[in-house]
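Residue numbers (my numbering), protein chains in the order written: chain A, 20 to 337; chain B, 20 to 337; chain C, 20 to 337; chain D, 20 to 337; chain E, 20 to 337. The beta carbon of each residue, even a glycine, is placed where N, CA and C say it ideally should be.
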Amino acid sequence: MEITVFAAGGTHEAGPGDLPALLADSSTRFWVDMTGPTEADITALTEVFRFHPLAIEDTHNHQQRPKVEVYESYLFIILNAITYTAVLYSHELDAFVGPNYLVTVHEQPEPLVAEAQGRVRRAPTHLAASANHLFYVLADVLVDHIFPVMERIEEASETLSDEILAEPDQAALNQLFSLKRQMAEVWRLVWVQREMLNDLTREWDITARQDDLHYYMRDVVDHLTLLADMMSVQRDTVTGLIDLYMSATSNRLNVVVNRLTVITICIGVLTVFSGFYGMNFVQTWPPFEAAWGVPLVLAFMAGVVILLLAEFRRRDWF
Amino acid sequence: MEITVFAAGGTHEAGPGDLPALLADSSTRFWVDMTGPTEADITALTEVFRFHPLAIEDTHNHQQRPKVEVYESYLFIILNAITYTAVLYSHELDAFVGPNYLVTVHEQPEPLVAEAQGRVRRAPTHLAASANHLFYVLADVLVDHIFPVMERIEEASETLSDEILAEPDQAALNQLFSLKRQMAEVWRLVWVQREMLNDLTREWDITARQDDLHYYMRDVVDHLTLLADMMSVQRDTVTGLIDLYMSATSNRLNVVVNRLTVITICIGVLTVFSGFYGMNFVQTWPPFEAAWGVPLVLAFMAGVVILLLAEFRRRDWF
Amino acid sequence: MEITVFAAGGTHEAGPGDLPALLADSSTRFWVDMTGPTEADITALTEVFRFHPLAIEDTHNHQQRPKVEVYESYLFIILNAITYTAVLYSHELDAFVGPNYLVTVHEQPEPLVAEAQGRVRRAPTHLAASANHLFYVLADVLVDHIFPVMERIEEASETLSDEILAEPDQAALNQLFSLKRQMAEVWRLVWVQREMLNDLTREWDITARQDDLHYYMRDVVDHLTLLADMMSVQRDTVTGLIDLYMSATSNRLNVVVNRLTVITICIGVLTVFSGFYGMNFVQTWPPFEAAWGVPLVLAFMAGVVILLLAEFRRRDWF
Amino acid sequence: MEITVFAAGGTHEAGPGDLPALLADSSTRFWVDMTGPTEADITALTEVFRFHPLAIEDTHNHQQRPKVEVYESYLFIILNAITYTAVLYSHELDAFVGPNYLVTVHEQPEPLVAEAQGRVRRAPTHLAASANHLFYVLADVLVDHIFPVMERIEEASETLSDEILAEPDQAALNQLFSLKRQMAEVWRLVWVQREMLNDLTREWDITARQDDLHYYMRDVVDHLTLLADMMSVQRDTVTGLIDLYMSATSNRLNVVVNRLTVITICIGVLTVFSGFYGMNFVQTWPPFEAAWGVPLVLAFMAGVVILLLAEFRRRDWF
Amino acid sequence: MEITVFAAGGTHEAGPGDLPALLADSSTRFWVDMTGPTEADITALTEVFRFHPLAIEDTHNHQQRPKVEVYESYLFIILNAITYTAVLYSHELDAFVGPNYLVTVHEQPEPLVAEAQGRVRRAPTHLAASANHLFYVLADVLVDHIFPVMERIEEASETLSDEILAEPDQAALNQLFSLKRQMAEVWRLVWVQREMLNDLTREWDITARQDDLHYYMRDVVDHLTLLADMMSVQRDTVTGLIDLYMSATSNRLNVVVNRLTVITICIGVLTVFSGFYGMNFVQTWPPFEAAWGVPLVLAFMAGVVILLLAEFRRRDWF
């Protein structure tokens, strides 16, 4: 548990023992960041903050969808941060927003929290703002980190598209399907959080109009809307690509069968020629005794095949 | 009919004759569990509880969708419990929620009821709560038992996916379609109950705010939302898999026709060769009299076929 | 025109001349059933009941969708009864619901009306109820008669499914498409009437709460919801089946082309063999003069074909 | 510009100079019908009626979707009449509805207007009604003329369906796609006007309840709903037909490849037979010297081919 | 930064230094147009207009979706202008609408602004209108410029359609998919702006009813609705075309396989003929010694092939 107090005179750290005093002092704002949470963290959540057991339970249970739960004197908010290295990975970030504090709980050390606290420190003009401001900065940092994820997904999608348009390939298609599923997942996480923060912001419009925090929150919501839009466009592109692949496969079958037809004709013509001179009729032309018979037939064969291939090439059959 | 009374001094059983007294005593809570229902049960429902004939009729008629019906002084709620052994199976669990009682009716002995009653017994701090609390525990237990169903469906889906991606197979596809239908069914049951309990909870927000039961009920609704979400993701995966299977089938046809082409060419070349030497021209090369003629032709044949196969292999035709 | 009066002392028939008196007497309820409607019926509707000309016009025009029209002192309701013998058939049943009367109009003699009147007669405890009760009984009977239709459609769908899964067959598919269209039609009729009666019931909640008719009406709506649900599930099944059929067709093409490949190879091998010994080289093996030459070649041919077929069978090519 | 005045004493024509007097006299109703509109018409619209420039502009611009625009003292309504001869054709009919007048503007002479005015003339009992009544009659006539369009589309769809089910044919499919697009267009026009008139009617419910015009308007809306429904059903049928066509095409490919297989086998067997007797072995059976050799082989060939064809026919391969 | 003042006496330019005076004088209207924006522009936005930092930030960040943001005393509106030369291109146009000013910001010099200012200058009668009028003219000009884009897209779509219906071609299909994606993009931009301006207009209905600006704004919204409609129709056409292409591809495969079948039969028949006379039986007919043997066989061969081709042509196999 790390406690950072943002007071008029600057930020300083505090210990778990200071929590009751901090809670009682409405003139300070503080941010309690918990990793795990540990036993001591849970004790603080339960006995000092007196959060609802259900909310505390949700902080261990790491497979929750984003949501806002309104309690008497605080909000419990579950956010989902998104990262994308080889594969898409979303992890939970839980927050309690009270009158003068923000409590964040996460399973692994969370770089977003450090970055957000840094931004709060560097923005001294906002010191008078409520704890909502701490939450806004956290949400903003979280949303800013989705943009690079979006870019990497777009890149992956374009690489696969180029590959597939160059040469239809089942392995690339499998990857494209998997990418499409990941896109659906990102879209869903973005959209749920967009809806959730939008609702939250609309309520803040009423309660927080004295400061202009709701303008900032609206900005976070706009970013999420933009992200959801970008993802929708990208998904449509991938869906169109899959349809194109399907039509290309159908087309290729026509090409393949045409090729088979060409080959059947050429070989068939050669077979008919040689079969013709394999007939046992005594008189034929060229006469079987002629020394120039075989070369002539060979020339015939070659000539007919060349003519046929030229014609098929003209008709675009292969 | 089993009557369990949850009184301040502990839980005890009661007989059908005690029902009128229990009903009149608003300081106790009791749970009447009926299996069947039997003739005696129906008499109790009709004459002691004076439930509406339509609601009583619905307790025999076991093919109802989840619903809440509001009557003057009680609620009639139809829940659907879900189990999945070899096949998905949903069965009805009917509940009447009155001011100080819960009546549950089910066709077969219901382990969920026993489990819920056990949880009520082990939670003595909630003894002051209303009969709504009994219903909450029942709903919570019912929802908790859907998670293993979800896991088994996910496992089944993954097994089938691996099978299909390894080798497209119509039998596995049939199973996948059947699984998809079962998923749709689970999703529907989960979603209908989610909507129903959500509406119920919103009403409770007003009437039951003195205790924090509506927080707990919201938690049950969240679980159902999560279940519906998980199912949606899984269904998308299965739908994508079916599309992949279709595209793999199309692709395989190209492969199969290419193979046919290769075979047609190889056999065709051999036929043309032997046909050529079957022509009756007297002079050819190698001369028909040469002892080395047949071996040479055989060598030719083998050589050409090997070259062709190497070329086709290079072009990935088989 | 048949007029049935449901009075405290029992039911009795009345003649067209009694209508003005009946209309004026708010203590009786009566049901006027018209088949056609005939000239006399229309005169009664126009001059005695003074219904709106547009509503009366709709009673001749038998191709109306279910609807409720609110007039000053009565409702005009168009219901659609559904039957299914060889083919789905829906027919209109028009009703005027006034303060103390129900007027039903239909083109053909309608067994539903007789059945509903019988039920009203056998339910003496409800005699005090308003004319709405007569309408409820009619609607209930109408909805009860949709369940067997649903069952017959489910049976037809299952029969076709079994047929198609056993052996893909275009004729069965055509029937399945036709069944799917009929399902859509039933679903639409059920859903429109569900919406219509639901709206009607919600209004009744306010006006008719003194008796518990709105509970009964809600029950009819529940039945329609259940029917719509059942139909949706069945439609999804049929849609899945059509997709399965399509994938099976694609698969079968692979099988068919594989079979062609097997046959091409076997015949090709035999042709190459016989072509080989048709070459005119003097020296070959077995020598052309050997009496055992032909049997040996035949044995070769048979052996190779048998080996090939075994290999193809192992590879599941046919 | 033709001005028809519907006064208590009968209808009579009026000239453009009478307009200011007619406008001022709230006891008359009049209908101004403009074709073009001409310069004089626009002057009247602008200077006498003082309609808004935007609405007047919309009367020249003939590519508008149906809409209602509410201005201070009049409504501007754009209707779309639909005709279908060889191809679907929709044309605009603009109407201004004021307190005691209806102004209609259309590009070409419009038979609908004459028909509607005739109906107004023949309905003297409604003379007391407001200008809304004139508009109702116009809308009713317009909607009545969509029914024959619907019938012709249904006929065209059924003709094409029969054609396609009898023999899949790409040209008929192209026509079906074009018909489907026209259906979508009709559906859209019908639905937009339904929504528009429905909204209009609901407002009239309040303002026009003294007369029963809103019942009539509701009837027009019902007709549009019925038309939209009929079109939806027809579209589903066509969509199902296209799917059927696709599955029939897939099926036919199986048939075609099976036929190729049958032909390959039959010709292959004949080739193997003749190749066998083309081998140069001296001893074979029947001996080469036998006069009955060729007839016997021919009989063999014919017999085997007949047996094969019988077997393939039994297996339904062609 | 270019400042145009629309005063009663005519329009004149002003310098950045005049801004504070202009802002204070509620009797003038002025339009500030910024390209870039430059450093000086941002200073003016920040220090003179005192716009919110978030809105100012959005004016540099050129990848925003259309939106309206309501601030205390001004609106911040992001529009998207659409152009289409070889490829679809949308660019942002930001506007601040205050009580007596319009500020527009864009990255590149914007011809729309010049055109809109020209229209304002030529419409002196509207000089009394509020700054909203300036914005209306801008929006109107922007929307007018989407119509030619729509026409070019329609042309491109029709050209591709003709190409594809004449001869199915994968390259044209790829272009069609790309066009479809662009259509989706245009539709989205049009629709988002339609929704946005519609909401804006509805609010103006209340605040701006003194002048008739809301009629004009409604007209802009109508144009956007029409554009969205036209685009929807066009998209349906393209989707239908893609489906047609797919079905044509399937059909063509049937044609191609039929052609292969015809060729297999013709060559097979010739092979069987020549193979027949390649058999070594001594007696056959015509006798091997007959000089007319070969011509007769050739005639036979030609005759049979001609008959077969005639029959296949009759059956439409090629």
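1. Among the residues of its own chain, which have a CB less than 8 Å from the CB of A:A227, if the five just before and after it don't count?
2. Could you tell me whether the Cβ atoms of D:A321 and E:Q302 are closer together than 9 Å?
3. By Cβ distance, which residues of its chain are closer than 8 Å to A:V288, with the 5 residues on each side in sequence left out?
4. Could you tell me which chain C residues have their CB closer than 9 Å to the CB of D:R237, listed as they occur along the chain?
5. So is D:H79 buried or exposed if we call it buried at 16+ other beta carbons inside 10 Å?
6. Drop a sphere of 10 angstroms on the beta-carbon of E:V168, count the other beta-carbons inside from all chains shown, and report buried for 16 or more, exposed for fewer.
7. If you pair each beta-carbon of the region 191-203 of chain D with each one of the region 215-224 of chain D, do three or more pairs fall below 8 Å?
8. Under 8 Å between beta-carbons, which chain B residues line up against C:V291? List them in chain order, please.
9. Please determine, among A:E88, A:S109, A:D113 and A:R69, the residue with the shortest C-alpha to C-alpha distance to A:G55.
10. Please go through the same chain and pick out, in chain order, the residues whose beta-carbon is closer than 8 Å to the beta-carbon of E:G34, but skip the five residues on each side of it.
11. Counting pairs of Cβ atoms below 8 Å between the region 88-97 of chain C and the region 124-132 of chain C, do you hit three or more?
12. Does any residue of chain B bring its CB to less than 9 Å from the CB of A:Y296?
13. Under 8 Å Cβ-Cβ, which residues of chain D neighbour E:G259?
14. Please confirm if the region 241-258 of chain A is in contact with the region 164-181 of chain A, defined as three or more CB-CB distances below 8 Å between the two stretches.
15. Based on Cα-Cα distance, which residue from C:R200, C:G312, C:L315 and C:N299 lies nearest to B:V313?
16. What did DSSP end up calling B:E126 once you bin it into helix, strand or coil?
17. According to the Cβ coordinates, are C:L42 and C:V24 closer than 9 Å?
18. Would you say C:R333 reaches chain B, if we count a Cβ-Cβ gap shorter than 9 Å as a contact?
19. For a contact defined as C-beta to C-beta under 8 Å, what are the partners of E:L245 on chain D?
20. On a Cα-Cα basis, can you pick out the residue from E:L317, E:L279, E:W336 and E:L208 that is closest to E:T102?
21. Would you identify the three-state DSSP class for E:E173, choosing helix, strand or coil?
22. Put B:D37 into one of helix, strand or coil per three-state DSSP.
23. Just confirm the distance between the C-beta atoms of D:I286 and E:T280, as a whole number of angstroms; I'd bet it's less than 8 Å.
24. Taking 9 Å as the threshold (beta carbon to beta carbon), is E:L184 in contact with chain A?
25. Looking only at DSSP bridge pairs, what is B:V87 linked to?
26. Have a look at C:I172 and C:T47 and give me their C-alpha separation to the nearest angstrom.
27. Answer with yes or no whether the minimum CB distance from E:V316 to chain A is below 9 Å.
28. Thinking C-alpha only, which one of C:M250, C:E330, C:P187 and C:D60 is nearest C:Y264?
29. For the 8 Å Cβ check, are there 3 or more pairs between the region 245-258 of chain D and the region 114-121 of chain D?
30. Taking E:S266 and D:T268 to be in contact with their CB atoms under 8 Å, please state how far apart those CB atoms are, rounded to whole angstroms.
31. Could you work out which residues of chain C lie near B:E222, taking near to mean beta carbons separated by less than 9 Å?
32. What residue from E:F196, E:Y235 and E:N270 has the CA that sits closest to A:I261's CA?
33. Around the Cβ of E:T290, are there at least 16 other Cβ atoms within 10 angstroms (buried) or fewer (exposed)?
34. Give every residue of the same chain whose Cβ lies closer than 8 Å to the Cβ of B:T258, excluding the five residues on either side of it in the sequence, and list them in chain order.
35. Using the Cα positions of D:D238 and D:V160, report the straight-line distance between them to the nearest angstrom.
36. Quick one: using the 10 Å Cβ neighbour count with 16 as the cut-off for buried, is B:S45 buried or exposed?
Put simply:
1. Here residue 227 of chain A corresponds to residue number 208 of the first sequence, with the count starting at 1. Residue confidence is low: A:A227 scores 49 on pLDDT, short of 50, so the model does not pin down where it sits. Its coordinate-derived value is still stated next. Counting only Cβ-Cβ distances below 8 Å, and skipping sequence neighbours, we find S149, N151 and H233.
2. Within the fourth sequence, residue 321 of chain D is the residue found at index 302, counting from 1. Within the fifth sequence, residue 302 of chain E is the residue found at index 283, counting from 1. Contact: no.
3. Reading the first sequence from its first residue, position 269 is the one you call residue 288 of chain A. Closer than 8 Å at the Cβ level, and outside the excluded window around A:V288, lie M320, V323, V324 and L327.
4. Residue numbering aside, residue 237 of chain D sits at position 218 when the fourth sequence is read from its first letter. Going along chain C in sequence order, the residues near D:R237 (Cβ under 9 Å) are L73 and E88.
5. Looking up residue 79 of chain D in the fourth sequence gives position 60. Classification for D:H79: exposed.
6. Position 149 of the fifth sequence holds residue 168 of chain E. Taking a 10 Å sphere around the C-beta of E:V168, we find 16 or more other C-beta atoms and assign the residue as buried.
7. In short, these stretches do not touch, since the Cβ pair count stays below three.
8. Within the third sequence, numbered from 1, the residue matching residue 291 of chain C stands at position 272. Simply I286, L289, T290 and S293.
9. Within the first sequence, residue 55 of chain A is the residue found at index 36, counting from 1. Nearest Cα to A:G55 within the set A:E88, A:S109, A:D113 and A:R69: A:D113.
10. By one-based count along the fifth sequence, residue 34 of chain E stands at place 15. I22, listed in sequence order.
11. At 8 Å Cβ cutoff, the stretches do not touch.
12. Position 277 of the first sequence, counting from 1, holds the residue named residue 296 of chain A. At least one beta carbon of chain B lies nearer than 9 Å to the beta carbon of A:Y296.
13. Within the fifth sequence, the letter at position 240 stands for residue 259 of chain E. Result: F196, K199 and R200.
14. The answer is yes - the region 164-181 of chain A touches the region 241-258 of chain A, with three or more Cβ pairs under 8 Å.
15. Numbered from its first residue, the second sequence carries residue 313 of chain B at position 294. Measuring from the Cα of B:V313, the nearest candidate turns out to be C:N299.
16. Residue numbering aside, residue 126 of chain B sits at position 107 when the second sequence is read from its first letter. Coil.
17. Counted from its first residue, the third sequence places residue 42 of chain C at position 23. Counted from its first residue, the third sequence places residue 24 of chain C at position 5. C:V24 is positioned such that its CB atom lies no closer than 9 Å to that of C:L42.
18. Looking up residue 333 of chain C in the third sequence gives position 314. Not an interface residue.
19. Residue mapping note: residue 245 of chain E aligns to position 226 of the fifth sequence, counting from 1. Within 8 Å Cβ-Cβ: Q82, Q83 and R84.
20. Against the fifth sequence, residue 102 of chain E aligns to sequence position 83. Closest option to E:T102, Cα to Cα, is E:L208.
21. For the purposes of this step, residue 173 of chain E is identified with residue 154 of the fifth sequence, where counting begins at 1. E:E173 falls in the helix class under three-state DSSP.
22. Locating residue 37 of chain B in the second sequence gives position 18, where the first residue counts as 1. Collapsing the DSSP output to three states places B:D37 in a helix.
23. Here residue 286 of chain D refers to the residue found at position 267 of the fourth sequence. Here residue 280 of chain E refers to the residue found at position 261 of the fifth sequence. With a Cβ gap of about 11 Å, D:I286 and E:T280 do not count as contacting.
24. For this step, residue 184 of chain E is matched to residue 165 along the fifth sequence. Not closer than 9 Å to any Cβ of chain A, the Cβ of E:L184 fails to qualify, so no.
25. Indexing the second sequence from 1 puts residue 87 of chain B at position 68. B:V87 is bridged to B:I96.
26. Numbered from 1 along the third sequence, position 153 holds the residue referred to as residue 172 of chain C. Numbered from 1 along the third sequence, position 28 holds the residue referred to as residue 47 of chain C. So the two alpha carbons sit approximately 42 Å from each other.
27. Position 297 of the fifth sequence, counting from 1, holds the residue named residue 316 of chain E. With 9 Å as the cut-off, E:V316 counts as an interface residue toward chain A.
28. For the purposes of this step, residue 264 of chain C is taken as the residue at position 245 of the third sequence. That would be C:P187, whose Cα lies nearest to the Cα of C:Y264.
29. With the cut-off at 8 Å, the region 245-258 of chain D and the region 114-121 of chain D do not touch.
30. Residue mapping note: residue 266 of chain E aligns to position 247 of the fifth sequence, counting from 1. Residue mapping note: residue 268 of chain D aligns to position 249 of the fourth sequence, counting from 1. Confirmed, Cβ separation roughly 7 Å.
31. Counting from one through the second sequence, the residue named residue 222 of chain B turns up at place 203. Within 9 Å of the CB of B:E222, no CB atom of chain C is found; the nearest one sits about 16 Å away.
32. Position 242 of the first sequence, counting from 1, holds the residue named residue 261 of chain A. Comparing Cα-Cα distances from A:I261 to each of E:F196, E:Y235 and E:N270, the minimum goes to E:F196.
33. Locating residue 290 of chain E in the fifth sequence gives position 271, where the first residue counts as 1. It is buried - the Cβ of E:T290 has at least 16 other Cβ atoms within 10 Å.
34. Here residue 258 of chain B refers to the residue found at position 239 when the second sequence is read from its first residue. Here the set comprises K199.
35. Locating residue 238 of chain D in the fourth sequence gives position 219, counting from the first residue. Locating residue 160 of chain D in the fourth sequence gives position 141, counting from the first residue. So the two alpha carbons sit approximately 12 Å from each other.
36. Working through the second sequence from its first residue, we reach residue 45 of chain B at position 26. So B:S45 counts as exposed.
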